[in-house]
Every structure is written in C-alpha cells, then in structure tokens.
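Quick note: the sequence shown, position 240, residue 255 per the numbering used here, numbers continuous. Ideal Cβ placement from N, Cα and C applies to all residues, glycine included. Notes follow once the structure below has been shown.
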Amino acid sequence: MTGKEATKPMTQMPEAPTPQPNPRPVTPGEPARSTRRWRGPAKSVATSNTVIALASAALLLSVWEYFGRDVNPIFASHPTAIVGAFGRLFEDGTLPGAFFDSMRPMAVGYGIAAAVGIPLGLLIGRYRTAEAALGFYVTGGYATPMVAFIPLLMLWFGLGFAVKVAVVVLMTLFPIVINTWAGVQAVPKTLIEVGQTFVAPQSAIMRKIILPATVPYIMTGLRLGVGRAVIGIVIAEFFSAIGGLGGVIIRSGQRFDTASLFVPIVILMVLGIGLTKAVGYLESRVAPWQRETSG
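Below is the structure:
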C-alpha cells in the first residue's frame, strides 16, 4: 500500500455486519428451548410434527364424539352435530355473512395497530426522551384490561364497524409496541457505535442497523397481536350482539342451540391457528437466521 492510499479518507460507512442470531423472543408462558439439540432434515421434522398434530386431533375428536353423544344436547354437543350445524348455517347464508362481518373490522384494526405500533416501538426504544414521555403509558395500557373501555368506545363510535375496529386496535397495539421496544433495546451497542463513528445520519442507523436487528421481535409482536385481534373482535361483537361470529354465538346460546354455538368457536380457533402460522412463516422469510436458532 502506498502512502497516498494509506492516507486516503474513508467516505462511505461500511455495511453493518450480518446480524448474528439474537436470543429468541420468548412468548409469555412459553418454556425456553435449547438451541443445541440435534435436528434432522427440516422436511422430515415438519412431516413428523404434522403427523403428530393430526393424530392428536383425530384422537381428541374420537373421544369427544364417543362421549358427547351421551350428553344432553342443551349442555354440550359432538363433532358430527357441529358439522351438521355448520352445513345449515352455511347454506342459509348466516355463516358466510357473519364471517366477513367479523374479518373486515379485524383486518382493518390489526393493520392500524401494526402501522402505529411498530414505529412507536422503534421511537420509544431508540430515544430516551420518548421512552420517558410515552413508555409508562404503553406499560400501563398493556396491563389494563381493554374490556373496561368498550362501553366508552360504544358511546363514542356506536355499535357498528367503527367500534369493532377500535376494540381490535386497543387489544392488538400494545403487544406490538412492547415487543418492538424490547427489540430496539436488545440491539448490540457496538453496532450502533460503528454507525456513529462514521458519522452516519440517524435515519441510516435506524434503517441499516436497528431495524434489521429488531425484525424478530417485531414479528413476535405481530404474532401475539393476531391472537389478541381475534379475541378483540369477538369481545366487541359480544357487546354489540348485532352481527359477526360473536353475534352467532350469542343468538345460538339464547336458543340453546349448542351445536350451532360451537361452529363459530371452532372457526375462530382454526382462524387463530392459521393466522399465527402465517405470521410465523413470514418471520421465517424475513428473518431466516432467527429460525435457525429457535429450532
């Protein structure tokens, strides 16, 4: 290297090192898992898990069917009766209409919560002033039972679409904010110091260093938020009782039609599982290094 080359100034900030696997964000109540266990081929593991899940479901349904037939239908039901009720509700148009009445406000509310919660979590996690000013509101909101606000929301927004969206936003927002906030605080300080050493603007540090390292935490918040969104839409419909899957549950209960009551419950359960799996798949695409450490 010549003297001229040695003294040549560096004019471009080097790219941040490839993100190293962060500790896996832990869902509340989920046991920690070792990252050093032996794993076979990914396809074999996925197939094995699917077979186990299907066998478990088949066993549960068989036991439920066997014992459920001996129970008074006013108090409980069984799978074949629920399938029959599903067919009736689908044929008369009740079920498709209720499903879309629930999904539209849930999708809008979840989208709003994600669009607000992720930037808010990044802001609170990155700047101490924002954390001091807003952090305790987020913590308090997460700990507060949102059901307490529904009567007030009904006074503000009425009994239609808007109140359902508002309830879903409140139920979903705080898990997303808190997980994003935690993700920013978990970013290694050395990576941020590299950017500051080369006088990188704050926007570049956020875009190239903080955001990529925070992605696994953001996805965990979105995954938790999906379940909260499903709960929120049903709670909102329980209070309004004018439509949606929650309305079907209320009306079926009033008629003592237990089989029809179980139909939306099963749909919501399957929906929650499917959406959670979908967000998990999205996480594996945008943060593949996280999947490698989570097993």
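Using the three-state DSSP reduction, which class does residue i fall into: helix, strand or coil?
{"i": "residue 89", "result": "coil"}
{"i": "residue 201", "result": "coil"}
{"i": "residue 187", "result": "helix"}
{"i": "residue 84", "result": "coil"}
{"i": "residue 159", "result": "coil"}
{"i": "residue 174", "result": "coil"}
{"i": "residue 216", "result": "coil"}
{"i": "residue 291", "result": "helix"}
{"i": "residue 48", "result": "With a pLDDT of only 47 at residue 48, under the threshold of 50, the placement of this residue in the model should not be trusted, and no figure is reported."}
{"i": "residue 300", "result": "helix"}
Within the continuous alpha helix (DSSP H) that includes residue i, where are the two ends?
{"i": "residue 116", "result": "109-141"}
{"i": "residue 97", "result": "94-106"}
Note down, in chain order, each residue of its chain lying with its Cβ closer than 7 Å to the Cβ of residue i, except the 5 sequence neighbours on either side.
{"i": "residue 243", "result": "186, 187 and 190"}
{"i": "residue 168", "result": "178, 181 and 182"}
{"i": "residue 295", "result": "238"}
{"i": "residue 281", "result": "97"}
{"i": "residue 145", "result": "138 and 139"}
{"i": "residue 271", "result": "89"}
Spatial neighbours of residue i within its chain, please: CB distance less than 6 Å, with the 5 preceding and 5 following residues excluded, ordered by chain position.
{"i": "residue 132", "result": "188, 191 and 192"}
{"i": "residue 117", "result": "248, 259 and 260"}
{"i": "residue 267", "result": "275 and 276"}
{"i": "residue 123", "result": "180"}
{"i": "residue 76", "result": "94"}
{"i": "residue 298", "result": "234"}
{"i": "residue 171", "result": "none"}
{"i": "residue 255", "result": "174"}
{"i": "residue 161", "result": "185 and 186"}
{"i": "residue 127", "result": "184"}
{"i": "residue 202", "result": "225 and 228"}
Who are the Cβ neighbours of residue i in its own chain at under 8 Å, not counting the five residues just before and after it?
{"i": "residue 119", "result": "176"}
{"i": "residue 291", "result": "238, 241 and 242"}
{"i": "residue 150", "result": "139 and 196"}
{"i": "residue 245", "result": "121, 283, 286, 287 and 290"}
Is residue i close to the ligand ADP? I mean its beta-carbon at under 7 Å from any heavy atom of the ligand.
{"i": "residue 88", "result": "The ligand ADP is absent from the structure shown, which contains no ligands of any kind."}
Three or more C-beta pairs closer than 8 Å, one from the region 179-196 and one from the region 124-138: is that the case here? yes
At least three beta-carbon pairs within less than 8 Å, the region 85-102 to the region 274-288: The answer is yes - the region 274-288 touches the region 85-102, with three or more Cβ pairs under 8 Å.
May I ask you to verify whether the region 245-264 touches the region 84-93, counting CB pairs closer than 8 Å and requiring at least 3? no
Runs of alpha helix (DSSP H) wholly within the region 236-288 (minimum 4 residues, chain order): 259-269
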